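Take a look at the structure set out below.
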Ligand SMILES: [Zn+2]
């Protein structure tokens, strides 16, 4: 498949500045909506807390040391609202 240049989106700096914190996120759930190469989602910042803040902005949820991706978070939220 041919990729159009305008479809390409880069959101990871290949040369992060020294002292940069890298957060690799993997979803804790098995979900057929995950693509085979979907994880890790990477977030970089000077501090880990900034990485997690950025991840939360994109819809990641954290609890008890586990991460839930935006897709699963949406499903869990919908399930909760059905109950
Ligand atoms: Zn997920």
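Residue numbers (the working numbering): 8 to 90.
Using N, Cα and C, we set each Cβ at its ideal position, and we do this for glycine too.
For clarity, every value in this text was computed on a predicted model and none was experimentally measured.
Among all the DSSP beta bridges, which residues are the ones paired with residue i?
| i | result |
| --- | --- |
| residue 91 | This structure gives no information on residue 91, because the portion of the chain shown stretches from 8 to 90. |
| residue 74 | 69 |
Nearest to residue i by CA position, among the options, is which residue?
| i | options | result |
| --- | --- | --- |
| residue 78 | 71, 28, 67 | 67 |
| residue 26 | 52, 15, 83 | 52 |
| residue 76 | 44, 56, 36 | 36 |
| residue 31 | 59, 15, 17 | 59 |
DSSP on residue i, reduced to helix/strand/coil?
| i | result |
| --- | --- |
| residue 55 | helix |
| residue 27 | coil |
| residue 63 | helix |
| residue 81 | helix |
| residue 86 | helix |
Is residue j closer than 8 Å to residue i when the C-beta atoms are compared?
| i | j | result |
| --- | --- | --- |
| residue 74 | residue 43 | no |
| residue 62 | residue 46 | no |
| residue 54 | residue 28 | yes |
Is there a Cβ of chain C sitting closer than 8 Å to that of residue i, yes or no?
| i | result |
| --- | --- |
| residue 77 | Going by chain labels, chain C is absent from the structure shown, which holds only one protein chain. |
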